[in-house]
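Heads up: the sequence shown begins at 15 in the working numbering, then just goes up one per residue. Cβ atoms here follow ideal geometry from the backbone N, Cα and C, with glycine treated the same way. Since we're looking at a predicted model, the values are computed, not measured. Have a look at the structure below, then the notes.
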Amino acid sequence: MQGTLRETQIHLTNPLPEENLIQNVFESLVREFKEFRANVPIGCITNKCSSKQKEQQDLSMFCGAGGYLYLYLRIYEFVQTLPEELQFFCTSGLSDSELPEFYNPQIYLDLAEQQFDAMKIQFKKERNISFLMSNSATYLLGADLYFIKKDKENFSKCIAQVLSIFANIMANPHYFQQELLYGIPGYLYMFLWINKRYSKEEGSYQLDLRSHIFNLCKVIVGNCGQGIMKCKFYDQTYFGGAHGILGVIQILLLSYEQGKDYFHLKDEKFTLKMLESISLTLDYLLKIYYKEGNIPPSAEDLFSTELYQFCHGIPGAITPFLKAYEIFNKKDYLNGAIHMSETLYKYGMIKKGYGICHGIPGNSYGFMQIYNLTKNEKLQKYAYQFLQYKQNPHVFNEVKNFQFYDRFVVGMSDNPFSLMLGSVGDMCAMMDFINYKRMPGYEI
Ligand SMILES: [Zn+2]
15 MQGTLRETQI HLTNPLPEEN LIQNVFESLV REFKEFRANV PIGCITNKCS
65 SKQKEQQDLS MFCGAGGYLY LYLRIYEFVQ TLPEELQFFC TSGLSDSELP
115 EFYNPQIYLD LAEQQFDAMK IQFKKERNIS FLMSNSATYL LGADLYFIKK
165 DKENFSKCIA QVLSIFANIM ANPHYFQQEL LYGIPGYLYM FLWINKRYSK
215 EEGSYQLDLR SHIFNLCKVI VGNCGQGIMK CKFYDQTYFG GAHGILGVIQ
265 ILLLSYEQGK DYFHLKDEKF TLKMLESISL TLDYLLKIYY KEGNIPPSAE
315 DLFSTELYQF CHGIPGAITP FLKAYEIFNK KDYLNGAIHM SETLYKYGMI
365 KKGYGICHGI PGNSYGFMQI YNLTKNEKLQ KYAYQFLQYK QNPHVFNEVK
415 NFQFYDRFVV GMSDNPFSLM LGSVGDMCAM MDFINYKRMP GYEI
């Protein structure tokens with residue numbers, strides 16, 4: 015069952031805000047974090063779900079305990095890297111005694127370590143391989159944690175766990191899914207993460223994964239084909255960020271960006287073919303967008319245009335189109351992304367509400383990314399309105415009462431404190447609004 019546009023979207027009628035945006039978003043962040051700490055115990059290994067479901071062990075980044083670890087390390091990064099001129103605006107919502115505690119990075123490091131330790135002993139053999147779904151992602155963040163703590167031995171153990179799946183993928187490339195959420199691109203995302211952080215380090219912290227990255231790209235392009243690339247998931251040819259070709263292209267572009275020289279040197283013919291296929295696919299999707307007003311979920315469902323969320327539709331397209339603009343220097347891609355942002359502003363305030371995967375904060379990322387590139391303040395205000403969705407009664411009442419057939423409880427996320435469906439994702443988007451780093455699972 016899919017609703018019509020009028021049923022699933024909230025249209026904003028308020029004028030663009032003039033108040034201090036950062037201060038208000040920070041206050042929302044603090045409110046969410048307090049709520050999170052009150053509901054999610056340290057070292058929690060369950061998926062903290064809404065009532066009517068049985069809470070169960072879930073270690074994934076997507077909707078489980080991995081997201082709690084992600085949050086602790088993300089806030090650590092936030093307080094460590096917040097420029098002084100921004101700290102001035104980032105105090106509201108905190109009492110005089112809470113303020114120094116909030117800005118004490120050691121606290122988040124301790125929380126992250128306790129969270130990691132609690133999760134590590136639960137790991138069993140699994141079939142999942144991607145950042146958003148597998149235990150490898152917890153090891154990936156474990157590596158970051160031990161790097162900060164200067165613990166080489168545990169750092170190396172964590173990295174070894176992430177790398178351990180590589181040989182199996184290279185030997186059996188057709189055994190795995192092709193999409194970001196469950197498949198090989200979701201695994202490659204972790205290599206890009208490692209390579210970006212550690213390729214320029216020294217000694218045993220130094221890890222150059224460009225050849226692995228290149229090999230995984232070859233596997234992915236081999237699976238998706240040349241010309242207009244296809245991303246099959248079960249019996250559909252999906253287009254979107256989480257399941258479709260847009261997510262795959264985003265990962266290929268990030269790979270090329272990190273290993274450009276290596277790629278050309280290693281195999282010029284393949285590299286040019288890959289870039290050509292990416293470009294052809296983006297041109298094809300842009301044509302569909304201008305014709306239909308959105309990018310539908312799949313090639314089998316070309317006239318279904320009502321989904322405006324990261325996993326399906328243009329919210330998952332803006333990031334790769336901007337990256338492609340940077341790489342190909344093709345103005346059409348930037349113009350396309352900007353055009354999409356206006357459409358998204360109109361239809362992206364979705365009644366599903368919470369989280370990144372199919373929620374309003376996830377849709378705010380496109381605005382932030384275009385703002386970062388163009389510095390057009392209107393985009394920052396769009397993002398602000400989306401991130402303050404809980405503060406706008408007109409919007410939040412719609413979210414709280416939306417009869418979404420896919421949910422256990424009306425108006426509530428199934429996993430209210432998760433990274434991709436709940437408040438951890440909302441908090442990441444708020445931190446990115448204040449001091450941009452990356453869209454979780456989609457940028458490095
Ligand atoms: Zn989704």
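Name the two residues that bound the continuous alpha helix (DSSP H) containing residue i.
| i | result |
| --- | --- |
| THR95 | 80-95 |
| TYR339 | 329-342 |
| MET354 | 345-361 |
| CYS6 | Because the chain spans 15 through 458 in this model, residue 6 falls outside it and cannot be assessed. |
| LYS68 | Taken as a continuous stretch (DSSP letters only), LYS68 belongs to no alpha helix (DSSP H), as it is neither H nor E. |
| ASP165 | First-last for ASP165: undefined, no H or E at that position. |
| VAL44 | 35-53 |
| THR285 | 282-306 |
| SER437 | 437-448 |
| LYS138 | It is not in any alpha helix (DSSP H) - LYS138 carries neither H nor E in the DSSP assignment. |
| ILE76 | One point to set straight first is that residue 76 is Phe, not Ile, in the sequence displayed. Element bounds for PHE76: n/a, residue is neither H nor E. |
| GLN101 | 98-101 |
| GLY202 | As written in the sequence, residue 202 is Leu, which differs from the Gly given in the question. Residues 198-212. |
| PRO407 | 407-414 |
| MET184 | 180-185 |
| GLU112 | 112-116 |
Which of the three DSSP states, helix, strand or coil, is assigned to residue i?
| i | result |
| --- | --- |
| HIS372 | coil |
| PHE247 | strand |
| MET15 | For MET15, the predicted model reports a pLDDT of 39, less than 50, meaning its position is unreliable and no value from the coordinates is stated. |
| THR502 | Given a span of 15 to 458 for the chain in the structure shown, any question on residue 502 remains unanswerable. |
| ILE364 | strand |
| TYR252 | strand |
| GLN191 | coil |
| SER312 | strand |
| GLN220 | coil |
| HIS25 | coil |
| GLN120 | helix |
| HIS326 | strand |
| THR152 | helix |
Given a threshold of 16 other Cβ atoms within 10 Å of its Cβ, counted over all protein chains shown, does residue i qualify as buried or as exposed?
| i | result |
| --- | --- |
| ALA351 | buried |
| HIS278 | exposed |
| PRO31 | exposed |
| GLU41 | buried |
| ILE448 | buried |
| MET15 | Residue placement at MET15 cannot be trusted, given a pLDDT of 39 that sits under 50; the coordinates are not used to answer. |
| TYR191 | Checking the displayed sequence, the identity of residue 191 turns out to be Gln instead of Tyr. With 16 or more other Cβ atoms within 10 Å, it is buried. |
| LEU12 | With the chain covering 15 to 458 only, the question about residue 12 has no answer from this structure. |
| THR95 | exposed |
| SER111 | exposed |
| GLU412 | buried |
| TYR189 | exposed |
| PRO29 | exposed |
| SER65 | exposed |
| ASN237 | buried |
| GLN220 | exposed |
| LYS166 | exposed |
| SER74 | buried |
| GLN240 | exposed |
| MET184 | exposed |
Leaving out the 5 sequence neighbours to the left and right, which residues in its chain are closer than 6 Å to residue i when beta-carbon positions are compared?
| i | result |
| --- | --- |
| ASP72 | ASN61, GLY78 |
| GLN67 | PHE422 |
| HIS372 | GLN323, CYS325, LYS366 |
| TYR385 | LEU393, GLN394 |
| LYS404 | PHE410 |
| PRO310 | LEU316, SER318, THR319 |
| PRO119 | TYR90, VAL93, GLN94 |
| ILE143 | ILE179, TYR201 |
How about residue i: is its Cβ closer than 7 Å to a heavy atom in ligand 2?
| i | result |
| --- | --- |
| CYS325 | Ligands displayed in this structure: ligand 1; ligand 2 is not among them. |
Please work out which residues of its chain come closer than 7 Å, Cβ to Cβ, to residue i, disregarding the five sequence neighbours upstream and downstream, and give them in chain order.
| i | result |
| --- | --- |
| LEU206 | ILE227, LEU268, SER269, GLN272, ILE458 |
| GLU140 | SER148, ASN149 |
| THR105 | LEU113 |
| MET441 | LEU43, GLU46, PHE47, LEU85 |
| ILE265 | LEU194, PRO199, LEU202, TYR203 |
Going by beta carbon distance, what residues of the same chain come within less than 8 Å of residue i, once the five residues before and after it are set aside?
| i | result |
| --- | --- |
| PHE400 | GLY362, MET363, ILE374, PRO375, ASN377, SER378, PHE381 |
| MET444 | VAL39, PHE40, SER42, LEU43, GLU46, PRO375, LEU401 |
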